[in-house]
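First residue of the sequence shown: 1, per full-length UniProt numbering; consecutive thereafter.
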Amino acid sequence: MNRNELRKADINLMVVFEALMLERNVTRVAEKLFLGQPTISSALNRLRTLFNDPLFIRVGHRMEPTARAEEIIQHLSPALDSLSSALSLTHDFDPSVSTMTFRIGLSDDVEFGLLPPLLRALRQEAPQVVFVVQHVDYWRIPDLLASGDITVGITQTRGLPANAKRKLLRHIRPRLLRADASDTPLTLDEYCSRPHVLVSHTANVSGFADEWLAEIGRKRHVVLSVPQYSALPALLAGTDLIASLPDYTAEAMAVSGQLFCEPFPFETPTLDLSMVWLSHVDTDPAERWVRSRLEAFMSDRGLATNV
1 MNRNELRKAD INLMVVFEAL MLERNVTRVA EKLFLGQPTI SSALNRLRTL FNDPLFIRVG
61 HRMEPTARAE EIIQHLSPAL DSLSSALSLT HDFDPSVSTM TFRIGLSDDV EFGLLPPLLR
121 ALRQEAPQVV FVVQHVDYWR IPDLLASGDI TVGITQTRGL PANAKRKLLR HIRPRLLRAD
181 ASDTPLTLDE YCSRPHVLVS HTANVSGFAD EWLAEIGRKR HVVLSVPQYS ALPALLAGTD
241 LIASLPDYTA EAMAVSGQLF CEPFPFETPT LDLSMVWLSH VDTDPAERWV RSRLEAFMSD
301 RGLATNV
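So this is what it looks like as structure tokens:
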């Protein structure tokens, strides 16, 4: 291709096009890019002229892409990623004076168990930096990364976008949490007979522990399902309820001395906690800094220096 053709292109138009492919709605793109709706409509008209194609057809409240638009985005997104990476090399990042806002995604077990020590350290290292935390789980994180609502997320992961990078932070060791102290851990029979609280973001009454128990021919009795871990200390207090949760969350909740954590009474598979981000922010100095701090305080490798 003759690179002189690139002089006809406007990078801002390409950013609008990519946002339209993600959002399929002019109003939402305007809000996301902090532009007026007429500006987005004008940009779309220019894009249609540039590519000699309608690009989007209105279907109800959505803008559905044409076949040509689908073809274009396959080439355009990697190019924008590369351009973003190249531009990031032109500036350094100094956390001590930065006023940047970082948008990160954390599952709520990570937010409760691992965020507080990180935040205490960052208040000293980067006192003017702003962190906006969104809830993520393995269902939501691909969409939140793709939309740009977050630039990095920490949770258990399953399917990820093709341009995602993943770094294992730690193996999750499941623990039990209960309010009644005992010198002896629960037996398997006691675990199965006690009433359980399940944390489920999708309002289920079964989880990983039920799958593990089924493999050894056992069942437990879930009497309450709640959407977040932060409710557990108040719910367990003064009851015989027990809950199953990641080790780092259980240990953080047990610090008060009102709750007690212990290992499971049977062998469990390994679960992984990972940090995920997209390739276009891989070399950005500010994003590299925030990922390094997340890893230092939220991985097994950081425990020796951050306990």
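Ideal Cβ positions, reconstructed from N, Cα and C, are used throughout, including at glycine.
Check your understanding: Quick one: is residue 69 near chain D, going by C-beta distance under 8 Å?
Key -> Looking at the structure shown, chain D is missing, and only one protein chain is on hand.
Point to revise | residue 93 to residue 298 span [Cα, whole Å] | key: When rounded, the distance between both Cα atoms is 22 Å.
Point to revise | Cα-Cα separation between residue 222 and residue 270, rounded to whole angstroms | key: 22 Å
Practice item. Write down the C-beta distance between residue 308 and residue 55 rounded to the nearest angstrom, noting that I regard them as a contact closer than 8 Å. Key: Because the chain here runs from 1 to 307, residue 308 falls outside it and cannot be looked at.
Exercise for review: Just confirm the distance between the C-beta atoms of residue 165 and residue 279, as a whole number of angstroms; I'd bet it's less than 8 Å.
Suggested key: 6 Å
Exercise for review: Report all residues from its chain with a CB closer than 6 Å to the CB of residue 125; omit the five preceding and five following residues, and keep chain order.
Suggested key: 95
**Study point:** Opening and closing residue of the beta strand (DSSP E) in which residue 153 lies
**Key:** From DSSP, the beta strand (DSSP E) with residue 153 extends over 152-155.
Exercise for review: For my contact list, residue 122 and residue 262 are in at a C-beta cut-off of 8 Å; report their separation, rounded to the angstrom.
Suggested key: About 32 Å separates the two Cβ atoms, so there is no contact after all.
Check your understanding: Roughly how many angstroms separate the alpha carbons of residue 174 and residue 245, rounded to a whole number?
Key -> Spanning the alpha carbons of residue 174 and residue 245 requires a straight line of approximately 6 Å.
Review point. Would the beta-carbon of residue 201 fall within 8 Å of that of residue 185?
Key: Cβ atoms of residue 201 and residue 185: not closer than 8 Å.
Exercise for review: To the nearest angstrom, report how far apart residue 303 and residue 132 are at their CA atoms.
Suggested key: With a pLDDT of only 46 at residue 303, under 50, the local geometry of the prediction cannot be trusted, and no value is derived from it.
Check your understanding: Under a Cβ-count criterion, where at least 16 other Cβ atoms within 10 Å of its own Cβ denotes burial, should residue 168 be classed as buried or exposed?
Key -> exposed
Exercise for review: Determine the extent of the beta strand (DSSP E) in which residue 100 is found, giving its start and end residues.
Suggested key: Premise fails: residue 100 is in no beta strand (DSSP E) and is neither H nor E.
**Study point:** DSSP beta-bridge partners of residue 131
**Key:** 102
Check your understanding: DSSP on residue 255, reduced to helix/strand/coil?
Key -> coil
Exercise for review: Would you decide whether residue 111 is buried or exposed? Buried here means 16 or more other CB atoms lie within 10 Å of its CB.
Suggested key: Buried: at least 16 other Cβ atoms inside 10 Å.
**Study point:** Segment limits, alpha helix (DSSP H) that includes residue 16
**Key:** Boundaries of the alpha helix (DSSP H) around residue 16: 11-23.
Review point. Apart from the five residues on each side of it in sequence, which residues of its chain come closer than 7 Å, Cβ to Cβ, to residue 306?
Key: For residue 306, the predicted model reports a pLDDT of 39, less than 50, meaning its position is unreliable; a value from the coordinates is still stated below. The residues are 117, 296, 297.
**Study point:** Check whether residue 156 and residue 272 have beta carbons under 8 Å apart
**Key:** yes
Review point. Looking at the structure shown, is residue 79 part of a helix, part of a strand, or coil, going by DSSP?
Key: The answer is helix: DSSP assigns residue 79 an H, G or I state.
Review point. Who are the Cβ neighbours of residue 108 in its own chain at under 7 Å, not counting the five residues just before and after it?
Key: Listed in chain order, the non-local C-beta contacts of residue 108 below 7 Å within the same chain comprise 135, 228, 229, 230, local neighbours out to five positions each way being set aside.
Check your understanding: Going straight from the alpha carbon of residue 275 to that of residue 268, what length do you get?
Key -> 22 Å
Practice item. Compare the beta carbon distance of residue 237 and residue 179 with 8 Å and say whether it is the shorter of the two. Key: yes
Review point. Once you ignore the five residues that flank residue 159 on each side, which residues in its own chain have a CB closer than 7 Å to its CB?
Key: 142
**Study point:** Beta-carbon proximity list for residue 69, same chain, < 6 Å, skipping 5 on both sides
**Key:** Answer for residue 69: 55, listed in chain order.
Check your understanding: Per DSSP, what kind of secondary structure is residue 260 in: helix, strand or coil?
Key -> strand
Review point. Helix, strand or coil for residue 164 per DSSP?
Key: strand
Exercise for review: Taking residue 256 as the reference, give the member of 264, 277, 234, 240 with the closest Cα.
Suggested key: Comparing Cα positions, the closest option is 234.
**Study point:** Rounded separation between residue 209 and residue 191 - CA only
**Key:** Spanning the two alpha carbons is a distance of roughly 11 Å.
**Study point:** Beta-ladder partner(s) of residue 243, from DSSP
**Key:** The partner list for residue 243 (beta bridge, DSSP) reads 177, 197.
Practice item. Classify residue 170 as helix, strand or coil using the three-state DSSP reduction. Key: strand
Exercise for review: Note down, in chain order, each residue of its chain lying with its Cβ closer than 6 Å to the Cβ of residue 1, except the 5 sequence neighbours on either side.
Suggested key: Model confidence at residue 1 stands at a pLDDT of 49, short of 50, so the residue's coordinates are unreliable; what they give is reported in the following sentence. So the list is empty, once near-sequence residues are dropped.
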